[in-house]
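Each remark here refers to the structure printed beneath this line.
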Amino acid sequence: MDENYRNLNHRARQLVLATTLIRDACETRLEINFKRDLLSVQLYEHYYSKSYVILYYILTLINLLTIILEYPGNIWINGKPLPYYIPLIINLLCECYFYYRWYIIYVISDKKSLKSNISFIATIIILLLMTIDAIIYIICHELNFSYSIRWSRALRPILLLTFPENRRLRAAFFNLRRTLIDVLPVFGEFVLKTIIKRKKKLDEAFQLISILNINKQLGIHQNIFLQLMNIVKPNYNNDSLKIIFYLLNKNKSGYLLKHEFERLTEYMQLKFEMIELNPFLIEYDSQQSKFELYINERLNDLEMNAENELKKYGLENFRKPGFIMSKKLLDEAGITEHNTKKVFYLKTDNTSIEILMFRMFEKEIEELVEDLTNKLTVPKLKSHDPFSHI
């Protein structure tokens, strides 16, 4: 009994970790190399929870705007400037939260990697300097020094570049000074590094939740996939997740193999909408996506031409700019609910720029990633962002 409980507990921990790794890959949370124990995973999810991230941005903005209240102040009450301790207290409250977020990174991260993490070290140095400045500022005021000023004001914007949430902002800031000829190599390097990091996250998640299928190959069963993705993407309905699984599972075995699972982030960027209509009435975007090509192949197999079928109902201009398959249009065409079923079509393609690049140069990038993976020692890529390894 105890052995079964331990095995069950171990399996549950693996599912929790796999969920976090998949969420990292889907949401591009690639900056923190966290430890794999359950407490670290919980703190890591706590760090990236939506409410706490929003609070971080709000307090960062407030911390920057307190310069309006500080001496020489622009806000006066009864002909006098605000007491010096009001903006000071606001700053200290903001800094306490920044200390808290820094401490979470310290607790959950591997200590060896932190020693060489410039961003992590820079954050605590800036926070300490700001705290020391606040103490000196209080002493100067209490001793009635004629002139005192918060010299750490200039350090506040730097915190925008040191916390993991602002990785893209850091990359943009440090690449602004690059000339046009350097833009493509820097961008390509960033795309490649992002893809490699996502691949590592998904590979680790695959090892945690994969099982042997009937062909003695490691794979992820559809039920496990749906269970995990309902946690990772709770706003997706179960039918949409089944469609994504079906698109990923090329061999239709009911198990996602490793190379199929690695494509998950690409398909999770797509938004599907469910409609109730005849099977051949399928609307998709004007670009030739893989999903669209698949639909065209299926229509040809069924000897059905979407444009001709729609014309039978008086629906013209299919595939033309501005054509929208709205419910009103379907109602006016007199399409009945007889013999209808659920059909999914690609509503919008909100892929990030790195996914766009992946699609454009998919074969070349996959070969490059495979080549890097197979080497015993992978040469370290030259980085233009000194804070990129947080």
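Under the numbering used here, think of the first position of the sequence shown as 25, with each following residue one higher. Glycine included, C-beta positions come from ideal geometry on N, C-alpha and C.
Handout entry: Cβ contact check for the stretch 213-228 and the stretch 252-260: 3 or more pairs under 8 Å
Key = no
Handout entry: Other residues of its chain near N273: CB distance less than 7 Å, five sequence neighbours each side excluded
Key = Here the question's residue 273 lines up with position 249 in the sequence shown. Closer than 7 Å at Cβ, skipping near neighbours: L280 and E284.
Handout entry: Range of the contiguous alpha helix (DSSP H) that encloses I142
Key = Taking the first residue of the sequence shown as 1, we reach residue 142 at position 118. I142 -> alpha helix (DSSP H) spans I142 to E166.
Exercise for the section: Kindly list the residues whose CB is nearer than 6 Å to the CB of L242, restricted to its own chain and excluding five residues on each side of it in sequence; keep chain order. Expected result: If you number the sequence shown from 1, residue 242 lands on position 218. The answer, listed in chain order, is S234.
Handout entry: Cα-Cα separation between P181 and M292, rounded to whole angstroms
Key = To locate residue 181, count along the sequence shown from 1; it is residue 157. To locate residue 292, count along the sequence shown from 1; it is residue 268. The alpha-carbon atoms of P181 and M292 are separated by roughly 34 Å.
Handout entry: Spatial distance of I78 from I148 (CA atoms)
Key = The residue you call residue 78 lines up with position 54 of the sequence shown. The residue you call residue 148 lines up with position 124 of the sequence shown. Roughly 21 Å separates the two Cα atoms.
Exercise for the section: Buried or exposed for L54, please, with buried defined as at least 16 other CB atoms from any protein chain shown within 10 angstroms of its CB. Expected result: Numbered from its first residue, the sequence shown carries residue 54 at position 30. Burial call: buried.
Practice task
Would you identify the three-state DSSP class for Y80, choosing helix, strand or coil?
Solution key: Taking the sequence shown and counting its residues from 1, one reaches residue 80 at position 56. Helix, per DSSP.
Practice task
Using a threshold of 7 Å, state whether the C-beta atoms of L45 and K225 are closer than that.
Solution key: Along the sequence shown, read from residue 1 onward, the residue named residue 45 stands at position 21. Along the sequence shown, read from residue 1 onward, the residue named residue 225 stands at position 201. Contact flag set, yes.
Exercise for the section: Please state if the CB of K59 and the CB of I132 are separated by a distance shorter than 7 Å. Expected result: Within the sequence shown, residue 132 is the residue found at index 108, counting from 1. Within the sequence shown, residue 59 is the residue found at index 35, counting from 1. In this structure, K59 lies closer than 7 Å to I132 by Cβ.
Exercise for the section: Measure the alpha-carbon distance for F315 versus Q231 and round it to whole angstroms. Expected result: As a position in the sequence shown, residue 315 is number 291, starting the count at 1. As a position in the sequence shown, residue 231 is number 207, starting the count at 1. Caution applies to F315, whose pLDDT of 48 falls short of 50 and renders its modelled position unreliable; the model cannot decide the point.
Practice task
Express the C-alpha separation of Y109 and D227 in angstroms, rounding to a whole number.
Solution key: Counting from one through the sequence shown, the residue named residue 227 turns up at place 203. Counting from one through the sequence shown, the residue named residue 109 turns up at place 85. Straight-line Cα distance between these residues: approximately 52 Å.
Practice task
Could you give the DSSP three-state label for S133: helix, strand or coil?
Solution key: Start at 1 with the first residue of the sequence shown, and residue 133 comes out as number 109. S133: strand per DSSP, three-state reduction.
Handout entry: Cross-strand partners of F58 (DSSP beta bridge)
Key = For the purposes of this step, residue 58 is taken as residue 34 along the sequence shown, with counting starting at 1. Answer by DSSP bridge pairing, in chain order: S133.
Problem - First and last residue of the uninterrupted alpha helix (DSSP H) at I244 - result: Taking the sequence shown and counting its residues from 1, the one referred to as residue 244 is at position 220. Segment L242 to H245 is the beta strand (DSSP E) holding I244; no alpha helix (DSSP H) there.
Problem - For I235, the residue or residues it bridges with in DSSP - result: The residue you call residue 235 lines up with position 211 of the sequence shown. DSSP lists G243 as partners of I235.
Exercise for the section: State the Cα-Cα distance for the pair K366 and I267, rounded to the nearest angstrom. Expected result: Numbered from 1 along the sequence shown, position 342 holds the residue referred to as residue 366. Numbered from 1 along the sequence shown, position 243 holds the residue referred to as residue 267. Because K366 sits at a pLDDT of 43, beneath the cut-off of 50, its placement in the model cannot be relied upon, and the following sentence gives the value as read from the coordinates. Their backbone Cα atoms lie some 11 Å apart in a straight line.
Exercise for the section: Please name the residue or residues paired with Y279 in a DSSP beta bridge. Expected result: Residue mapping note: residue 279 aligns to position 255 of the sequence shown, counting from 1. In the DSSP output, where bridge partners are listed per residue, Y279 has H245.
Exercise for the section: Decide if C120 is buried, meaning its Cβ has at least 16 other Cβ atoms within 10 Å, or exposed. Expected result: For the purposes of this step, residue 120 is identified with residue 96 of the sequence shown, where counting begins at 1. Burial call: exposed.
Exercise for the section: Return the Cβ separation of N87 and N57 in integer angstroms, given the expectation that the two are a contact with Cβ distance under 8 Å. Expected result: Along the sequence shown, one-based indexing puts residue 87 at 63. Along the sequence shown, one-based indexing puts residue 57 at 33. Between N57 and N87 the Cβ distance is about 27 Å, and since that is not below 8 Å, they are no contact.
Exercise for the section: Would you check whether the ligand MN has a heavy atom nearer than 6 Å to the C-beta of Y109? Expected result: Within the structure as shown, the ligand MN is missing, as the structure has no ligands at all.
Handout entry: Within 7 Å, strictly: CB atoms of L106 and L93
Key = For this step, residue 106 is matched to residue 82 along the sequence shown. For this step, residue 93 is matched to residue 69 along the sequence shown. Yes, the Cβ-Cβ distance between L106 and L93 is below 7 Å.
Problem - Cβ-based burial, L85 [other Cβ within 10 Å; buried from 16] - result: For the purposes of this step, residue 85 is taken as the residue at position 61 of the sequence shown. When all chains shown are included, L85 counts as exposed.
Practice task
Answer with yes or no whether the minimum CB distance from L185 to chain C is below 7 Å.
Solution key: As a matter of chain content, chain C is missing from the structure shown, which is built from one protein chain.
Practice task
Would you mind sorting L152 into buried or exposed? The rule is 16 or more other CB atoms within 10 Å of its CB.
Solution key: Taking the first residue of the sequence shown as position 1, residue 152 is located at position 128. Exposed: under 16 other Cβ atoms inside 10 Å.
Problem - 7 Å Cβ cutoff met for L179 and I150 - result: Numbered from its first residue, the sequence shown carries residue 179 at position 155. Numbered from its first residue, the sequence shown carries residue 150 at position 126. Taking 7 Å as the Cβ cut-off, L179 and I150 qualify as a contacting pair.
Exercise for the section: Would you tell me roughly how many angstroms separate the C-alpha atoms of V215 and T52, rounded to the nearest one? Expected result: Within the sequence shown, numbered from 1, the residue matching residue 215 stands at position 191. Within the sequence shown, numbered from 1, the residue matching residue 52 stands at position 28. Their Cα atoms are separated by approximately 11 Å.
Practice task
Under 7 Å Cβ to Cβ from H165, same chain only, skipping five residues before and after it: list those, please.
Solution key: If you number the sequence shown from 1, residue 165 lands on position 141. Answer for H165: Y108 and S172, listed in chain order.
Practice task
Express the C-alpha separation of M154 and M253 in angstroms, rounding to a whole number.
Solution key: Working through the sequence shown from its first residue, we reach residue 253 at position 229. Working through the sequence shown from its first residue, we reach residue 154 at position 130. Spanning the two alpha carbons is a distance of roughly 42 Å.
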